[in-house]
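Participant:
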Amino acid sequence: MNQHTAPSEYMALLDALKQHVITSRYRAVLSVNRELILLYHHIGCQILDRTGQ
């Protein structure tokens, strides 16, 4: 921390960065879940097509 940064400004910056990390992780989880659902749907459709149902 340099001499120009007040402790409250530093804490506010850390809080903002933490929130950004949390938000990014949440968005990543949603994206992965979406892709897995699409994958499983595709697999299910392929199985149904091959079994004639």
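Quick note on our numbering: the sequence shown kicks off at 270 and runs consecutively.
The beta-carbon is built from N, C-alpha and C at its ideal position, and this holds for glycine as well.
Mapping the DSSP letters down to three states, classify Gln315 as helix, strand or coil.
Facilitator: helix
Participant: In angstroms, rounded to a whole number, what distance separates the CA positions of Asp318 and Ile312?
Facilitator: 10 Å
Participant: CA-CA distance, Ile291 and Gln322?
Facilitator: So the alpha carbons of these two residues sit roughly 43 Å apart.
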